[in-house]
Each structure stands twice: as structure tokens, then as C-alpha cells.
Ligand SMILES: Nc1ncnc2c1ncn2[C@@H]1O[C@H](COP(=O)(O)OP(=O)(O)O)[C@@H](O)[C@H]1O
Ligand SMILES: [Mg+2]
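This is the structure:
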């Protein structure tokens, strides 16, 4: 079993886009793949095909029904807010112990499987009044794939996220730069800056490109 935590330098940067592409590429190469998006906010139970779990189930080639949804995303909240705020609107709190137990159970499964666990929002998005996504990452002790954008400002957001992840002592397996819509920044120069300054392996995920173009080197970095 190889398991990875997919963290973001922020929300809407491309975590699910990159994870879904990696899942499709891994399956195409004959690998057994599992994915979790344990905690999701902004979830509409009446219309969820385009949600994170909907996109991950589609990439896994599984039906978009309640049993499959419950399996990969048991904790779902309606409000499009940080998880702590979204949960509070439903009189709930985020069950970090439960999330960790699910992740650990799946990561402990035997066999040659690759497990991708997508976190929420950015590296330090709040989960509860006292915890952030970083506490989840630290507790899981899995290598991290950091997904970032290429918008103006992303270099600083990315380098900050890299520092915070490295401070946990966990391996940063790769940084995937998902080209932001209408970024207005030169993608190649942004990649070069991030490569120089982050000290991490940096990979390009060009806008609207098929994963057949970009996934292989990321998979190699993850599984090597
Ligand atoms: N490289 C890319 N090419 C095309 N669309 C992208 C790319 N990166 C992100 N997107 C799109 O941008 C939106 C936000 O990305 P998403 O993967 O949902 O972000 P996150 O999971 O980090 O919140 C989605 O509609 C996604 O399909
Ligand atoms: Mg997502």
C-alpha cells in the first residue's frame, strides 16, 4: 500500500482536478486505486455529480450512489464554508478522530493499492475551533502531495505551505502546479521559481490538459 495526503496551498487550486487525473492515470496503468475525501463542505445532496466526491468516484469508475458516496466521503456539510463553520450551521463538530480512523483503516489495507486522501481547503484551513488541516496531516504521517495554483501570489502561498509541511517532518513528495484560469502569469517562469525556491520536486499540470500529458512524472515521484 502506498498512501498520500493531497494538501492545497488554498481552496479551489486544483486538488480534486489533480487527484482525479492521477487516479485515472494509475488505473490506466493497471494499478489498484482507492480515494478518500473524508470531509466535504459546500455539498448539495440533491446535486453532487460535480462535487469532489462525485468527481473522485467518476475517476475511480464507480457508480455515483449513496453507498459509494458514504464510503469515500462520510462527513458532508452543506454550507460552502470552512468545515468548522459549515458543521456549526448543522449543529455538528468535525469528528477528527473519526476521520483519522477512516484514513488509517484504509491506509492499512494490504496489497499493492495506491490510496489518495484529499484534504480540505488549504494546509491550515480550520477543522474545529482549535484544529486545522495541518493537525490532520501531522496525525496521519503520510507523504504529502501539495497542489497549488499559478495565479499571481501563488509563489508566496506555495512557499509558505511548503515550509509549514516540512516543519511537520513529513516528506513532501511533490508539488503539482495546476495552471490557474486566466492566471496572467508566465506558467514556465512560475514553475521555475517554485522549483528553485521550494527545494521540492515541482510538476506542471497545464490548464485543460489531459492527465496523459502530465500525470506520469508525478506518479513516478510519488511511487519512487
Ligand atoms: N489544470 C486545470 N485545468 C483545468 N481545470 C482546472 C485545473 N485546475 C483546476 N481546475 C478547475 O478549477 C476548479 C477548482 O479546482 P478543484 O480541483 O475543484 O480545486 P480544489 O480541490 O483545490 O478545491 C475546478 O472546476 C477544476 O476542474
Ligand atoms: Mg477539492
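In my numbering, the protein residues as written are 2 to 225. For each residue, glycine too, the CB sits at the ideal point set by N, CA and C.
Residue i burial status per 10 Å Cβ neighbour count (16 or more: buried)
i           : result
residue 228 : Outside the shown range of the chain (2 to 225) lies residue 228, about which nothing can therefore be said.
residue 85  : buried
residue 150 : buried
residue 56  : buried
residue 190 : exposed
residue 212 : buried
residue 30  : exposed
8 angstroms contact criterion, which residue i and residue j should meet: CB distance rounded
i           : j           : result
residue 222 : residue 22  : About 14 angstroms separates the two Cβ atoms, so there is no contact after all.
residue 28  : residue 62  : 7 angstroms
residue 73  : residue 97  : With a Cβ gap of about 18 angstroms, residue 73 and residue 97 do not count as contacting.
residue 203 : residue 195 : 5 angstroms
residue 17  : residue 53  : 5 angstroms
residue 152 : residue 184 : 5 angstroms
Beta-carbon spacing of residue i, residue j below 8 angstroms
i           : j           : result
residue 5   : residue 168 : no
residue 198 : residue 178 : no
residue 145 : residue 118 : no
residue 1   : residue 124 : As displayed, the chain neither begins before 2 nor continues past 225, which places residue 1 out of reach and without an answer.
residue 162 : residue 143 : no
residue 12  : residue 120 : no
Heavy atom of ligand 2 within 7 angstroms of residue i beta-carbon
i          : result
residue 53 : yes
residue 94 : no
Among the options, the one whose alpha carbon lies nearest that of residue i
i           : options      : result
residue 25  : 52, 44, 60   : 60
residue 34  : 112, 141, 95 : 112
residue 104 : 87, 82, 76   : 76
residue 133 : 52, 83, 184  : 83
Any non-hydrogen atom of ligand 1 closer than 7 angstroms to residue i Cβ
i           : result
residue 211 : no
residue 18  : yes
residue 179 : yes
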